[in-house]
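Peer 1: Before we start, here is the structure in question, set down as structure tokens.
In my numbering, the protein residues as written are 514 to 792.
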């Protein structure tokens with residue numbers, strides 16, 4: 514079994530089964546000009562890079578980006594904790610139901626008859642928790658659901674204004690990856706524009722990882738019947754912050770920050786804790 518950790522947009526974006534608007538492409542694989550058998554630095558970084566997330570449909574400015582985790586993530590991995598999260602087919606069924614309801618009541622959703630009928634429809638859907646969650650609980654929200662769809666209605670702030678983004682967001686395009694100028698370092702991060710002292714180069718949200726989870730453990734049997742156990746650190750460790758005696762690893766995962774290399778003599782950047790609410 515192989516598990517991959519994908520930084521950047523692979524870790525930043527969430528999944529909404531009814532609003533998936535992106536698709537993944539396979540990463541590129543090379544050792545950044547270093548030779549796998551003669552360059553010692555080649556084992557210090559990943560050969561995989563340029564994992565791309567592209568738009569699978571038109572995405573309006575300010576809309577949140579969603580990727581497809583796969584239905585198994587919600588059905589098998591999260592099990593009962595997220596049993597009422599609607600899947601794509603539930604939102605499609607929900608859209609059909611509200612259209613039929615809308616035509617039946619001739620768009621008059623605030624009458625006593627309409628409210629009673631909508632209560633009855635939701636009771637019929639109660640056996641399917643996912644479908645029920647896709648349907649508006651208040652019939653007064655149905656006109657909006659007709660216009661937007663049940664999936665869009667389920668996330669009221671899925672499209673942020675430019676003013677909100679200016680106040681609460683941060684730029685992710687101040688740096689780009691490229692061939693490092695440091696010998697044996699492989700790839701590095703380069704500024705895309707002039708940055709003043711004290712400017713934020715990039716946000717760096719952190720994944721919390723148990724140190725034990727970064728260790729590969731395996732056993733090898735020998736002809737004399739003995740068995741030796743071996744422990745190896747995964748490459749992941751090279752991309753984390755931690756203390757040697759800490760059981761916790763902090764893995765920064767915003768785009769390109771993993772390419773920032775170390776320079777103990779003449780550094781041009783430093784790490785600091787964020788004081789922003791969303792980072």
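Note that CB positions come from ideal geometry on N, CA and C, so glycine has one too.
Just to confirm the assignment, what range does the beta strand (DSSP E) spanning residue 741 have?
Peer 2: Looking at the DSSP string, the run of the beta strand (DSSP E) that includes residue 741 is 740-746.
Peer 1: What does DSSP give as the partner residue(s) for residue 732 in the beta ladder?
Peer 2: 742, per the DSSP bridge assignment.
Peer 1: Out of 655, 545 and 575, point me to the one whose CA is closest to residue 670's CA.
Peer 2: Here the closest residue by C-alpha is 575.
Peer 1: From this set, 633, 771 and 790, which residue's C-alpha is nearest residue 558's C-alpha?
Peer 2: That would be 771, whose Cα lies nearest to the Cα of residue 558.
Peer 1: Looking at the ligand HEM, does it come within less than 7 Å of residue 718, judged from the CB to the closest heavy atom?
Peer 2: The ligand content of the structure shown is nil, which means the ligand HEM is not present either.
Peer 1: Hey, out of 761, 752 and 737, whose CA is closest to residue 721's CA?
Peer 2: For the residues 761, 752 and 737, the minimum Cα distance to residue 721 belongs to 761.
Peer 1: For residue 730, does the count of other Cβ atoms within 10 angstroms reach 16, so buried, or fall short, so exposed?
Peer 2: Exposed, because fewer than 16 other Cβ atoms sit within 10 Å of the Cβ of residue 730.
Peer 1: How do the region 560-578 and the region 672-692 stand: do at least 3 beta-carbon pairs fall below 8 Å, yes or no?
Peer 2: Verdict: yes, contact present.
Peer 1: Cβ of residue 561 within 8 Å of Cβ of residue 535?
Peer 2: Contact: no.
Peer 1: Using a Cβ-Cβ distance cut-off of 8 Å, determine whether residue 745 contacts chain D.
Peer 2: Of the chains in the structure shown, none is chain D; there is only one protein chain.
Peer 1: Please state the DSSP three-state secondary structure of residue 797.
Peer 2: Examination of residue 797 is not possible in this model, given that the chain is present from 514 through 792 alone.
Peer 1: Can you give me the C-alpha to C-alpha distance between residue 733 and residue 548, rounded to a whole angstrom?
Peer 2: Roughly 29 Å separates the two Cα atoms.
Peer 1: With a CB to CB cut of under 6 Å and the five nearest residues on each side skipped, what residues in its chain are close to residue 743?
Peer 2: Answer for residue 743: 731, listed in chain order.
Peer 1: Return the CA-CA distance between residue 643 and residue 531, expressed in angstroms with no decimal places.
Peer 2: Their backbone Cα atoms lie some 12 Å apart in a straight line.
Peer 1: Please confirm if the region 750-767 is in contact with the region 708-724, defined as three or more CB-CB distances below 8 Å between the two stretches.
Peer 2: Touching, per the Cβ criterion.
Peer 1: Look at the Cβ atom of residue 622, then the Cβ atom of residue 655, and state whether they are nearer than 8 Å.
Peer 2: Yes; because the gap between Cβ atoms is below 8 Å, this pair is in contact.
Peer 1: Just list the residues that DSSP pairs residue 764 with in beta bridges.
Peer 2: Its beta-bridge partners are 720.
Peer 1: Using a Cβ distance threshold of 8 Å, determine whether the region 710-718 contacts the region 685-699, with at least three qualifying pairs required.
Peer 2: Yes, since at least three Cβ pairs between the region 710-718 and the region 685-699 fall closer than 8 Å, the two stretches touch.
Peer 1: Can you look up residue 692 in the DSSP assignment and give me helix, strand or coil?
Peer 2: Strand.
Peer 1: Given residue 647, which residues of its chain have a CB within under 6 Å of its CB, disregarding the five upstream and five downstream residues?
Peer 2: Contacts found: 599, 603, 604, 607 and 663.
Peer 1: As a quick exercise: from 625, 601, 624 and 630, pick the residue whose alpha carbon is nearest that of residue 613.
Peer 2: The candidate whose alpha carbon is nearest that of residue 613 is 630.
Peer 1: Can you name the residues that DSSP bridges to residue 700?
Peer 2: Answer is 692.
Peer 1: Please look up how many angstroms separate the CB atoms of residue 765 and residue 708, rounded, as I've assumed it's under 8 Å.
Peer 2: So it is not a contact: roughly 18 Å between Cβ atoms.
Peer 1: Between the C-alpha atoms of residue 550 and residue 661, what's the straight-line distance to the nearest angstrom?
Peer 2: If you take the alpha carbons of residue 550 and residue 661, they lie about 56 Å apart.
Peer 1: Can you list the alpha helix (DSSP H) stretches of 4 or more residues lying completely in the region 576-628, in chain order?
Peer 2: Counting whole runs of 4 or more residues, the region 576-628 contains the alpha helix (DSSP H) stretches 601-617.
Peer 1: Are the Cβ atoms of residue 611 and residue 659 separated by less than 8 Å?
Peer 2: Going by C-beta atoms, residue 611 is nearer than 8 Å to residue 659.
Peer 1: Mind checking who residue 566 pairs with in its DSSP beta bridge?
Peer 2: Partner(s): 537.
Peer 1: DSSP state of residue 633, grouped into three classes?
Peer 2: DSSP places residue 633 in helix when its eight states are reduced to three.
Peer 1: Please state the DSSP three-state secondary structure of residue 543.
Peer 2: Three-state DSSP puts residue 543 in coil, outside helix and strand.
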